[in-house]
Amino acid sequence: MVKQFTSVFIGILLFILAVTFFSSVYIVDETKQVFVTQFGKIPRDPLNGPGKDQAGPYFRVPFITEVHAFEKRYLEWDGAPNQVTTKDKLFIHIDTYARWRIVDAKLLYERVKDEDGAKKRLNGILDGAARNVVAANDLVEVIRSQQREAVVDETEVLDDESQLKPFMQGRSALAKHVLDNAGPNLKEEFGIELLDFRFKRINYTVDVR
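Our numbering puts the first residue of the sequence shown at 65, with every later residue one more than the last.
Rendered as structure tokens:
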């Protein structure tokens, strides 16, 4: 009876030790930047962040510390289609796109906790910046690129005069304005580097057609 009890006790102890050991080990993938929090606080800088090569196995104190992993590669943001008003009071639908990456995982965690929180902030900031840029420019600036190519079919433009109407900046320049306006704040406040921003698609509303 004593031997049976001892065997059970040793088995339970070995199981607890195995669980403790495996919960103490975590792997830093080369595509991730990882840091460990202790009681919700970050004791040191993230491992394997941009410009660092610290991938491999690491140990942590189980039940006291928690591992947080963030993507190190480029990420995509696909904005929801929105109806906006141009400077010349015409309504259009815009569909936007951006690429971004996390350059300060510690700051991102402190401000928005995770990548989902970062995307929600991007939704508000980039949508707002795009609206402001469109509202500050006439329709021709939004639909024309520097190569004088229309985003929409030429047959949908109101008349020949509007097709040939000269423009000062063009769609590419307006996209750069969004990048320049939103980029510095995203990096300073959330540790996000905005790499690219584009107007992916622009459609006229029924009234404008």
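Glycine included, every Cβ here is placed at the ideal spot set by N, Cα and C.
- A residue is called buried once 16 or more other Cβ atoms fall within 10 Å of its Cβ, and Gly255 is buried on that count.
- For Tyr161, the uninterrupted beta strand (DSSP E) segment begins and ends at 155–166.
- Around the C-beta of Glu205, 16 or more other C-beta atoms lie within 10 Å, and the residue is accordingly described as buried.
- Note: Asn267 is bridge-paired with His157 in the DSSP secondary-structure output.
- With a beta-carbon spacing of about 31 Å, Pro145 and Asp168 fall beyond the 8 Å limit used to define contacts.
- Taking the CA atoms as reference points, Glu257 sits about 49 Å from Ile76.
- Cβ-Cβ distances below 6 Å link Thr95 to Lys136, Arg137 in the same chain, with the five nearest sequence neighbours on each side left out; the list follows chain order.
- The Cβ-Cβ distance between Ile166 and Tyr268 does not fall below 8 Å.
- The Cβ-Cβ distance between Pro110 and Lys170 falls below 8 Å.
- Counting the other Cβ atoms within 10 Å of the Cβ of Ala200 gives fewer than 16, which makes it exposed.
- Nearest to Pro121 by C-alpha distance, out of Leu139, Val148, Phe99, Asp142, is Phe99.
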